[in-house]
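Trainee: For the protein sequence lines, the chains are U and H, in the order given.
Residue 51 is where the first sequence starts when you use my numbering, and the numbers rise one by one after that.
Residue 2 is where the second sequence starts when you use my numbering, and the numbers rise one by one after that.
To start, I am sharing the structure in question, which I have written as structure tokens.
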Amino acid sequence: MTKRESMNDRTTRVLTTLLCILIGSICILSANSVRAKVYIDLDAPAIEKLPVAVQEFVYLGDEPGLNTDTEQLERVAEIIRDTIEDDLDFSGLFRIIDEEAFLEEVTENGLNAADTDFEQWRITGAEAVIKGGFRIENGKLEVDVRLFDAVKESTIIAKKYIGNPKRPKRLAHYFTDQLYEKLTGRKGIFSTRQLFVSSSSGNKELYVSDYDGSNARRITRNGSINLSPQWSPDGKKLIYTSYKEGCACLYMLDLKTGQDRALSKNPGINISGRFSPNGESVALTLSSKESPDLYILDIETGTKKRLTKNYGIDVSPSFSPDGKRVAYVSDISGNPHIFVLDLTTGKRRRLTYKGGYNSSPAWSPDGKWIAFSRASKGKFDIWLLRVDGFGGARLTWTGSNKAPSWSPDSRQIVFSSTRSDHTSLYVIQRDGTGLRKLKTEIGNEQTPSWSPYLN
Amino acid sequence: MHRFLRFLPILVITLALVSCKGAMVKEESAGTTVPDDEIVTEEILEVPDVGADSIEVRGLNETASSEELEMKAEKGRLYTVHFDFDKYTIKAEYKDELKHNARWLKKNNGVKVRVEGHADERGENEYNLALGEKRAISVKNYLSVLGVNPKNITTLSYGEEKPLNKEHNEEAWGINRRADFTIINR
């Protein structure tokens, strides 16, 4: 037997083994999916909203004494329920049934399936029912929650969540994340965050909020200009461009320790930094070689590699989720258009041909879409394109809409819009439905960045 | 041309007023009143020299040294140049301003200057930063063609972050699309 034949032989063996493993895994996976019922199929072409009823949360603690702040208890009950309802509504997958229609009385001992009159719930149209109670014990908030299938009269979730009594919202988001995963098979986004710039303090500073815009708080106070903040893939750090040292330099801020260090301080501009999917490097635009070009900077070693080299502008990179390609904006064709650069081959492909001004590409985390903003008659709108450049869809029609950023589940897009008085942040579903304003209420908000999953 | 002549008296009056206000209006006078005409540009060029120094001195004589005062006055003679929307090519009408800037920089060889590029509010933030940088680089390159030592010139872009005029109209945008000069040290 020649050496070549034995090589071929081995290849065949390896391939056969791989095939067996593949078939085996498919069998196991499909067996699993038969077992766990998916209530909402996110891959279905059209999704019918699941009608859900959320009952008032009852206080399960000791009889309120003289020192008990009963108003606080009422507030906690309200926040938990409102948060769950808001989360479910935000996802666009649920129809919240009006409390006015509820028939079952709220009782203190009726949290379990056996105590629940499912027929009364079905009359209200509910297919899922959420009930719960809470107590504050040893300085901890304990929330007991049930999720029922009202049709099958079965319990889907029965869990106790323990946390900080000052942050009942956080517990509620955590529960909705689990509910979402149970019902759809995918992770929920309700514990994720938004990062953005606002100039309401008189300077452009960075802010972080919950995914829906609530709890917005300022995280920089340098009184300078801070721009383009972006999350690291693990959600623990962020990068941003700031003029706080007199240059347009790129900084990395550790959200846990508060440590802030300069990542890139080259002459000219150090802007539009984006973490690579593995978090080890940053793509950015530098102008030290006389023209704003794209580079990749290794965070650990500080070495940088030049990605583009032309007379024009190359800016706003966005990695594909596998880290092998980068979408970016270039004016090499005369005005700003979106291009995709293959990092392995170095080949460049033009993605947009229409519109005089295309910018801010954002590659969806599932790898399928590129969202961007396109201007016509001076106003920007959010557009989607498939990665192959086809399937263009316009998502916004009012005001000027810029800087799209994807939710980690690739179902929603956050962007800035001038549709009301101030520039504010809005969210829209990928299919163009479910537009809503975030609850930030800071004013003059721009360039949002949606965090990865943080739980 | 006829249309232009109709406006000439207004311009002359404007220029006269501008002259009275002296150095205070130096940058606006390069941009606000005069968008796109060579003749006007020529006349504007005369403006800052009238009374500019004396006003600067009056405002600062408590604290500033004479050298600093001289610097302030000279800085007033480094002209701002303006650009078309989404463009970073130097317009012919600003040739004289830049020649003047180059002459001054060569005369004061050793003065380090930073060219700061700006964009109007339209367009996107990051692209505008790159665009402002391109504008600053264009000016730097042109100055070095005119014989200024490129080592004395650095660039910085503020994109759309530092508008001179905060209104939202063509006139404001025209004023804000610019490259201006900051003297870093001597």
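Using N, Cα and C, we set each Cβ at its ideal position, and we do this for glycine too.
Note that the coordinates shown come from a computational prediction; the quantities given were computed from them, not determined experimentally.
Under 8 angstroms between the Cβ atoms of proline 411 of chain U and serine 460 of chain U?
Mentor: Here residue 411 of chain U is taken as the residue at index 361 of the first sequence, counted from 1. Here residue 460 of chain U is taken as the residue at index 410 of the first sequence, counted from 1. Their beta carbons are not under 8 angstroms apart, which means proline 411 of chain U does not touch serine 460 of chain U by this criterion.
Trainee: Are leucine 275 of chain H and leucine 106 of chain H touching if we call contact CB-CB under 8 angstroms?
Mentor: Residue 275 of chain H lies beyond the range of chain H shown here (2 to 187); nothing can be said about it.
Trainee: Cβ of tyrosine 128 of chain H less than 8 angstroms from any chain U Cβ?
Mentor: Reading the second sequence from its first residue, position 127 is the one you call residue 128 of chain H. It does; some Cβ of chain U falls within 8 angstroms.
Trainee: Inspect the beta-carbon positions of histidine 119 of chain H and arginine 178 of chain H and report whether they are closer than 8 angstroms.
Mentor: If you number the second sequence from 1, residue 119 of chain H lands on position 118. If you number the second sequence from 1, residue 178 of chain H lands on position 177. In this structure, arginine 178 of chain H lies closer than 8 angstroms to histidine 119 of chain H by Cβ.
Trainee: Compute the beta-carbon to beta-carbon distance between tryptophan 419 of chain U and aspartate 431 of chain U, rounded to the nearest angstrom, for a pair I have assumed lies under 8 angstroms.
Mentor: To locate residue 419 of chain U, count along the first sequence from 1; it is residue 369. To locate residue 431 of chain U, count along the first sequence from 1; it is residue 381. Between aspartate 431 of chain U and tryptophan 419 of chain U the Cβ distance is about 16 angstroms, and since that is not below 8 angstroms, they are no contact.
Trainee: Is the region 137–153 of chain U in contact with the region 221–232 of chain U, if contact means three or more CB pairs nearer than 8 angstroms?
Mentor: At 8 angstroms Cβ cutoff, the stretches touch.
Trainee: Rounded to whole angstroms, what is the Cα-Cα separation between glutamine 280 of chain U and glycine 482 of chain U?
Mentor: Taking the first residue of the first sequence as position 1, residue 280 of chain U is located at position 230. Taking the first residue of the first sequence as position 1, residue 482 of chain U is located at position 432. Distance between the alpha carbons of glutamine 280 of chain U and glycine 482 of chain U is about 24 angstroms.
Trainee: Could you say which of H:Ser139, H:Gly148 and H:Ile185 lies nearest to phenylalanine 84 of chain H if we only look at CA atoms?
Mentor: Translated into the one-based positions of the second sequence, residue 84 of chain H becomes position 83. Among H:Ser139, H:Gly148 and H:Ile185, the Cα nearest to that of phenylalanine 84 of chain H belongs to H:Ser139.
Trainee: Under the rule that 16 or more other beta-carbon atoms within 10 Å means buried, what is threonine 90 of chain H, buried or exposed?
Mentor: The residue labelled residue 90 of chain H in the question sits at position 89 within the second sequence. Exposed, since its Cβ has fewer than 16 Cβ neighbours within 10 Å.
Trainee: Quick one: give me the first and last residue of the beta strand (DSSP E) that glutamate 98 of chain H is part of.
Mentor: Position 97 of the second sequence, counting from 1, holds the residue named residue 98 of chain H. Not the beta strand (DSSP E): glutamate 98 of chain H falls in the alpha helix (DSSP H), residues 96–108.
Trainee: Residue range of the alpha helix (DSSP H) that asparagine 129 of chain H falls in?
Mentor: Sequence index remark: in the second sequence, residue 129 of chain H carries index 128 (1-based). Here the alpha helix (DSSP H) through asparagine 129 of chain H covers 126–146.
Trainee: My understanding is that leucine 475 of chain U touches leucine 488 of chain U, with C-beta atoms under 8 angstroms, so please give their C-beta distance in whole angstroms.
Mentor: In the first sequence, counting from the first residue as 1, residue 475 of chain U sits at position 425. In the first sequence, counting from the first residue as 1, residue 488 of chain U sits at position 438. 4 angstroms between Cβ atoms; contact.
Trainee: For the alpha helix (DSSP H) that histidine 472 of chain U lies in, which residues bound it at each end?
Mentor: As a first step, residue 472 of chain U must be located in the first sequence, where it is residue number 422. Premise fails: histidine 472 of chain U is in no alpha helix (DSSP H) and is neither H nor E.
Trainee: I need the straight-line Cα distance from isoleucine 129 of chain U to lysine 219 of chain U, nearest angstrom please.
Mentor: Here the question's residue 129 of chain U lines up with position 79 in the first sequence. Here the question's residue 219 of chain U lines up with position 169 in the first sequence. Straight-line Cα distance between these residues: approximately 6 angstroms.
Trainee: Using a Cβ-Cβ cut-off of 8 angstroms, state whether serine 345 of chain U counts as contacting chain H.
Mentor: In the first sequence, counting from the first residue as 1, residue 345 of chain U sits at position 295. Note that residue 345 of chain U corresponds to tyrosine in the displayed sequence, not to serine. Closer than 8 angstroms: no.
Trainee: Quick test of your reading: serine 467 of chain U and glycine 449 of chain U, contact by CB under 8 angstroms. State the CB separation rounded to the nearest angstrom.
Mentor: What you label residue 467 of chain U is simply residue 417 of the first sequence in a count that begins at 1. What you label residue 449 of chain U is simply residue 399 of the first sequence in a count that begins at 1. Indeed, because the Cβ distance is near 5 angstroms, the residues count as touching under 8 angstroms.
Trainee: Below 9 angstroms on C-beta distance, what does tyrosine 407 of chain U contact in chain H?
Mentor: Here residue 407 of chain U refers to the residue found at position 357 of the first sequence. Residues of chain H passing the Cβ test: Asp87, Arg123, Gly124, Glu125 and Tyr128.
Trainee: Check the Cβ-Cβ distances between cysteine 299 of chain U and every residue of chain H, and say whether any is below 8 angstroms.
Mentor: In the first sequence, residue 299 of chain U corresponds to position 249, counting from 1. Judged by the 8 angstroms Cβ criterion, cysteine 299 of chain U is not in contact with chain H.
Trainee: Rank U:Pro215, U:Ser292, U:Glu155 and U:Ala312 by C-alpha distance to the C-alpha of glutamate 124 of chain U and give the top, closest one.
Mentor: Position 74 of the first sequence, counted from the start, is the residue given in the question as residue 124 of chain U. That would be U:Pro215, whose Cα lies nearest to the Cα of glutamate 124 of chain U.
Trainee: How would you call threonine 183 of chain H, buried or exposed, if buried means at least 16 neighbouring beta carbons within 10 angstroms?
Mentor: Translated into positions along the second sequence, residue 183 of chain H becomes position 182. Exposed is the call here.
Trainee: Please confirm if glutamate 340 of chain U has its CB atom under 8 angstroms from at least one CB of chain H.
Mentor: Counting from 1 along the first sequence, the entry for residue 340 of chain U is found at position 290. Chain H, which has a Cβ nearer than 8 angstroms to the Cβ of glutamate 340 of chain U, makes this yes.
Trainee: Can you list the beta strand (DSSP E) stretches of 3 or more residues lying completely in the region 263–295 of chain U, in chain order?
Mentor: With a minimum length of 3 residues, the continuous beta strand (DSSP E) runs that stay inside the region 263–295 of chain U are 276–281 and 287–292.
Trainee: Counting only runs of 3+ residues fully inside the region 392–474 of chain U, write out the beta strand (DSSP E) ranges in chain order.
Mentor: Whole beta strand (DSSP E) segments, 3+ residues: 398–400, 407–413, 419–426, 429–436, 451–456 and 462–467.
Trainee: Taking the alpha-carbon positions, what's the leucine 401 of chain U to asparagine 360 of chain U distance?
Mentor: Here residue 401 of chain U corresponds to residue number 351 of the first sequence, with the count starting at 1. Here residue 360 of chain U corresponds to residue number 310 of the first sequence, with the count starting at 1. Taking the straight line joining both Cα atoms gives about 18 angstroms.
Trainee: When the cut-off is 8 angstroms and only beta carbons count, does proline 454 of chain U lie next to chain H?
Mentor: Residue mapping note: residue 454 of chain U aligns to position 404 of the first sequence, counting from 1. No - not a single Cβ of chain H is within 8 angstroms of the one on proline 454 of chain U.
Trainee: Mind checking whether isoleucine 173 of chain U and valine 102 of chain U have CB atoms under 8 angstroms apart?
Mentor: For the purposes of this step, residue 173 of chain U is identified with residue 123 of the first sequence, where counting begins at 1. For the purposes of this step, residue 102 of chain U is identified with residue 52 of the first sequence, where counting begins at 1. No.
Trainee: In chain U, what lies closer than 8 angstroms to isoleucine 154 of chain H by C-beta?
Mentor: The count along the second sequence starts at 1 and reaches residue 154 of chain H at position 153. Neighbours of isoleucine 154 of chain H on chain U: none; closest Cβ ~11 angstroms, over 8 angstroms.
Trainee: Indicate whether the contact test is met: 3 or more Cβ pairs, each with one atom in the region 299–318 of chain U and one in the region 333–353 of chain U, closer than 8 angstroms.
Mentor: Yes: at least three Cβ pairs fall under 8 angstroms.
Trainee: Secondary structure at isoleucine 180 of chain U, three-state DSSP: helix, strand or coil?
Mentor: Counting from 1 along the first sequence, the entry for residue 180 of chain U is found at position 130. Three-state DSSP puts isoleucine 180 of chain U in a strand.
Trainee: Would you give the residue range spanned by the beta strand (DSSP E) that glutamate 350 of chain U belongs to?
Mentor: Position 300 of the first sequence, counting from 1, holds the residue named residue 350 of chain U. Unbroken run through glutamate 350 of chain U: none, as it is neither H nor E.
Trainee: With 8 angstroms set as the bound, which would you pick, yes or no: does the beta-carbon of asparagine 494 of chain U sit closer than that to a beta-carbon of chain H?
Mentor: Numbered from its first residue, the first sequence carries residue 494 of chain U at position 444. No, because no Cβ of chain H sits closer than 8 angstroms to the Cβ of asparagine 494 of chain U.
Trainee: Give me the Cβ distance between tyrosine 407 of chain U and proline 386 of chain U, rounded to the nearest whole Å; I'm assuming they're in contact under 8 angstroms.
Mentor: Along the first sequence, read from residue 1 onward, the residue named residue 407 of chain U stands at position 357. Along the first sequence, read from residue 1 onward, the residue named residue 386 of chain U stands at position 336. Contact flag correct, Cβ pair sits at about 5 angstroms.
Trainee: Judging by CA-CA distance, which residue of U:Leu288, U:Val108, U:Leu116 and U:Glu491 is the nearest neighbour of serine 470 of chain U?
Mentor: Within the first sequence, the letter at position 420 stands for residue 470 of chain U. Closest option to serine 470 of chain U, Cα to Cα, is U:Glu491.
Trainee: Does DSSP put glutamate 44 of chain H in a helix, in a strand, or in coil?
Mentor: Residue 44 of chain H sits at position 43 when you count from the first residue of the second sequence. At glutamate 44 of chain H the pLDDT is 28, less than 50, meaning the model places this residue with poor confidence and gives no usable figure here.
Trainee: Give the range of the alpha helix (DSSP H) segment to which tyrosine 80 of chain H is assigned.
Mentor: As a working mapping, residue 80 of chain H is identified with position 79 in the second sequence. Unbroken run through tyrosine 80 of chain H: none, as it is neither H nor E.
Trainee: Please list, in chain order, the residues of the region 426–437 of chain U that have any C-beta partner in chain H closer than 9 angstroms.
Mentor: Answer set for the region 426–437 of chain U: Gly428 and Phe430.
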